[in-house]
Amino acid sequence: MMELSGICREYAVGDETVHALDHVSLAIHPAEYVSIMGPSGSGKSTLLNVLGLLDRPTAGTYRLKGEDVSRLDDDSLAAHRQQHIGFVFQFFHLIPRLTALENVELPLVLTGAAPRARRERAAQILESVGLKARLDHRPDQLSGGERQRVAIGRAIVMQPSFLLADEPTGNLDTKSGGEIMQLLEELNRSGIALLIVTHDPAIGGRARRHLSLRDGKIVGDVSEAAA
Amino acid sequence: MKPFDVARMSLQALERYPLRTSMLLLAIAIGVAAVVLLTAVGEGARRYVTDQFSALGTQLLIVLPGRAETAGGGIQGLLVGETARELTLDDTLAIARSSRVTQVTPLVLGAGTVSWGARERDITVLGTSAPMLAIQHWLMGTGRFLPPGDLEVAEPVCVLGATVARELFASRSPLGEWLRIGETRCRVLGTLAEQGLAGGFNVDETVIMPVASAQQIFNTSAVFRILVEASDRNGVQATRREIIAIIKARHAGEEDITVITQDALVATFDTIFNMITAGLAAIAAISLVVAGVLIMNVMLVAVSQRTAEIGLLKAVGARNAQILALFLTEAACLSLLGAVAGIAIGAAGVWLMRAAFPVLDFAAPAWASLSAVGVAIASGLVFGILPARRAAALDPVNALMQR
Chain A
65 MMELSGICRE YAVGDETVHA LDHVSLAIHP AEYVSIMGPS GSGKSTLLNV LGLLDRPTAG
125 TYRLKGEDVS RLDDDSLAAH RQQHIGFVFQ FFHLIPRLTA LENVELPLVL TGAAPRARRE
185 RAAQILESVG LKARLDHRPD QLSGGERQRV AIGRAIVMQP SFLLADEPTG NLDTKSGGEI
245 MQLLEELNRS GIALLIVTHD PAIGGRARRH LSLRDGKIVG DVSEAAA
Chain B
317 MKPFDVARMS LQALERYPLR TSMLLLAIAI GVAAVVLLTA VGEGARRYVT DQFSALGTQL
377 LIVLPGRAET AGGGIQGLLV GETARELTLD DTLAIARSSR VTQVTPLVLG AGTVSWGARE
437 RDITVLGTSA PMLAIQHWLM GTGRFLPPGD LEVAEPVCVL GATVARELFA SRSPLGEWLR
497 IGETRCRVLG TLAEQGLAGG FNVDETVIMP VASAQQIFNT SAVFRILVEA SDRNGVQATR
557 REIIAIIKAR HAGEEDITVI TQDALVATFD TIFNMITAGL AAIAAISLVV AGVLIMNVML
617 VAVSQRTAEI GLLKAVGARN AQILALFLTE AACLSLLGAV AGIAIGAAGV WLMRAAFPVL
677 DFAAPAWASL SAVGVAIASG LVFGILPARR AAALDPVNAL MQR
């Protein structure tokens, strides 16, 4: 569970202070499917970064699975990201010189996992995202949709509780975007909480809970009745 | 993260930019090869010079009376009316009995006049014995050298230095002629070939006689020097100690001689050339520091090119120390590979130099090659720290925004 209370994130831009997040309080429950929407500059990406422990709030308290993580140092944050959170980015962020398998393996390499075990695990993950035949392809040999599948594979290889996706279909055509959404929703059904930042209402509308942000404040939080 | 994985990822990153990587490797290789080649030249010169000296006989020991080490001893001796005990032919024979020596010869020097018919000349009389020829590596011109025999027998024979022979006899053969030296007469056995100056002493202008004959001329029982050849090149110091012990026993327990070894001289040259070699190595090592600056530059470029990648690594849980290790390893791999290439290039260069100048025994000393590799890696690491720290300190959100 992610619990934010009174979270602020301020930037100094020149002489001005920008309130990217302004006293945000929020709780994300296990296995939830949440979309975060809002106009550009509303703070939705900042919210995702704070939730994903890439960014620290300037004020407020963030409890991740009961632990206060709002004031941790870089390495503790890295450890929490490694264990609990998977990221999916608009631009995939694959390492170009590594194969699909190596890209998926990367988080396991960082933990010092044994080569054989991690290779098997990565291969299994790639198979589950439908890339069984593409293990040894480098990103430039893969289509956009395939690249995002590799990125999703990398995000889930550590079996995180939360999957944070920032415009995951923003760089894909409608067809492969749809397939990626299906894959993410499948993962959500298997028990991973899914948070998607998007400005595409068609994508955002698929979630069961819709957060709307404007000027760093949550202006809407609508949950659909359980189907 | 396993060290193997760190190394593998670093090498993969280097592989991605083959031109940049190979240029940098070349820069480091040139630096290391320069150290190897320059020290090989210095070492070659050192070996050449010490070998030349060794050819003169590192096994040679020179015994002289009195203790040269005891500064002021001479003056004190004068004041109390003591003089250093003289070396004698018996001392010479005593040393000759030692198993640690192969050849021993006494040396008596003095000024004299030599005449043959109407011609007369002032010369240096050198009293010695048969082994002198071999010990000093002299070459005979005509005839033969002093015959081996009893040191105490004053045979009336002599051998002429080349200049003396020419000036007294011109083109005639002096062999078998009788000369007058001081009050005595002696027969010419042979002449030496031209020797030139050796150790500041011109043998060409001497007349060489059996030691007992020379002692008679100068009315002395003393020996000026005793030249000893040690039986074992590595046992020179032991031989030196033994000579001192022998003479000490004969001189009522007094250590009143000095034994000079040629090692001391060779060792001095050795030291000088080693210093020169080290200086050359240091100059060449500067190029390794320059290569280090290049490494820093390239690594800074690499960090900014791979900013997004660093952000991603952080997003998937890389700690700052891991990022630091990755980039430092990359710099270290560059310098290590460059150093290995440099050693290979240097070895090839040394081989070529040896082929071109076989007289000089070029060889890069191991310490030079090892320290060149050490300096290359150290310079890679030192200059890699700044870029690696910059990478580690990147803010993940900003880093991920770069593409």
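Sequences listed follow chains A and B, in order.
According to the numbering used here, the residues represented by the first sequence are 65 to 291, in order.
According to the numbering used here, the residues represented by the second sequence are 317 to 719, in order.
By construction, the Cβ of each residue, glycine as well, lies at the ideal position given by its N, Cα and C atoms.
Treat the numbers as computed from the prediction; the structure is a model and nothing was measured.
Counting only Cβ pairs nearer than 9 Å, list the residues of chain A close to residue i.
i: N550 (chain B); result: Those do not exist, as N550 (chain B) stays about 54 Å from chain A at its closest Cβ, beyond 9 Å.
i: E625 (chain B); result: H157, I159, P160
i: M317 (chain B); result: V173, L174, T175, G176
i: D321 (chain B); result: V173, L174, G176, P179
Less than 8 Å separating the beta-carbons of residue i and residue j?
i: A181 (chain A); j: K630 (chain B); result: no
i: T507 (chain B); j: V475 (chain B); result: yes
i: G457 (chain B); j: I439 (chain B); result: no
i: L341 (chain B); j: L653 (chain B); result: yes
i: P464 (chain B); j: Q419 (chain B); result: no
i: V691 (chain B); j: L604 (chain B); result: yes
i: G633 (chain B); j: L174 (chain A); result: yes
i: S287 (chain A); j: R270 (chain A); result: no
i: L259 (chain A); j: V98 (chain A); result: yes
i: G358 (chain B); j: D677 (chain B); result: no
i: P121 (chain A); j: A257 (chain A); result: no
i: L128 (chain A); j: M66 (chain A); result: yes
i: L195 (chain A); j: R213 (chain A); result: yes
i: T584 (chain B); j: D520 (chain B); result: no
i: F699 (chain B); j: V619 (chain B); result: no
i: L247 (chain A); j: I100 (chain A); result: no
i: L467 (chain B); j: P422 (chain B); result: yes
i: S240 (chain A); j: G209 (chain A); result: yes
i: T408 (chain B); j: V552 (chain B); result: no
i: D230 (chain A); j: S109 (chain A); result: yes
Is residue i buried or exposed, if buried means 16 or more other CB atoms sit within 10 Å of its CB?
i: F153 (chain A); result: buried
i: D572 (chain B); result: buried
i: L640 (chain B); result: buried
i: W494 (chain B); result: exposed
i: D579 (chain B); result: buried
i: A648 (chain B); result: buried
i: V473 (chain B); result: buried
i: Q531 (chain B); result: buried
i: Q368 (chain B); result: exposed
i: T81 (chain A); result: exposed
i: G397 (chain B); result: Because the pLDDT at G397 (chain B) is just 46, under 50, the model does not fix this residue reliably, and the point stays unresolved.
Note down, in chain order, every chain B residue with its Cβ under 7 Å from the Cβ of residue i.
i: F226 (chain A); result: Result: empty, since nearest Cβ-Cβ is about 13 Å, beyond 7 Å.
i: N113 (chain A); result: V713
i: L170 (chain A); result: V632
With DSSP as the reference, identify every bridge partner of residue i, one or two as the case may be.
i: C649 (chain B); result: Paired residue(s): none; C649 (chain B) is not in a bridge.
i: M66 (chain A); result: A:I92, A:L128
i: N613 (chain B); result: N613 (chain B) pairs with nothing; no bridge assigned.
i: S422 (chain B); result: According to the sequence displayed, residue 422 (chain B) carries Pro and not Ser. Paired residues: B:I542.
i: H274 (chain A); result: A:S99, A:V286
i: D230 (chain A); result: A:V261
i: D438 (chain B); result: B:T429
i: G150 (chain A); result: A:L227
i: L85 (chain A); result: A:R73
i: A624 (chain B); result: Answer is none; A624 (chain B) lacks a bridge partner.
i: R501 (chain B); result: B:R496
Contact defined as beta carbons within less than 8 Å: I believe residue i pairs with residue j. What is the distance between those atoms, to the nearest angstrom?
i: I271 (chain B); j: S414 (chain B); result: An answer regarding residue 271 (chain B) cannot be provided, because it is not within the stretch 317 to 719 covered by chain B.
i: L172 (chain A); j: D200 (chain A); result: L172 (chain A) to D200 (chain A), Cβ: 17 Å. No contact.
i: L628 (chain B); j: H148 (chain A); result: Going by Cβ atoms, the distance from L628 (chain B) to H148 (chain A) rounds to 17 Å, so no, they are not a contact pair.
i: T355 (chain B); j: L543 (chain B); result: In fact, because the Cβ distance is near 37 Å, the residues do not count as touching under 8 Å.
i: T522 (chain B); j: V441 (chain B); result: 7 Å
i: I378 (chain B); j: L462 (chain B); result: Not a contact, Cβ separation roughly 19 Å.
i: L330 (chain B); j: E646 (chain B); result: 6 Å
i: L228 (chain A); j: L112 (chain A); result: 5 Å
i: G280 (chain A); j: G78 (chain A); result: About 18 Å separates the two Cβ atoms, so there is no contact after all.
i: V689 (chain B); j: I659 (chain B); result: 7 Å
Can you pull the chain A neighbours of residue i, defined as C-beta to C-beta under 8 Å?
i: Q328 (chain B); result: R161, L162
Give the residues of chain A in contact with residue i, contact being defined as C-beta atoms less than 7 Å apart.
i: Q638 (chain B); result: L174
i: R332 (chain B); result: R161
Could you list which residues in chain B have their beta carbon closer than 8 Å to that of residue i, in chain order?
i: Q146 (chain A); result: V632, G633
i: L118 (chain A); result: K630, A631, P712, V713, L716
i: D139 (chain A); result: R635, N636, A637
i: R218 (chain A); result: V632
In chain B, what lies closer than 9 Å to residue i by C-beta?
i: A143 (chain A); result: G633, R635
Compute the minimum distance between the beta carbon of residue i and the heavy atoms of the ligand HEM, and state whether it is under 7 Å.
i: D367 (chain B); result: With respect to the ligand HEM, the structure offers nothing, as it holds no ligand at all.
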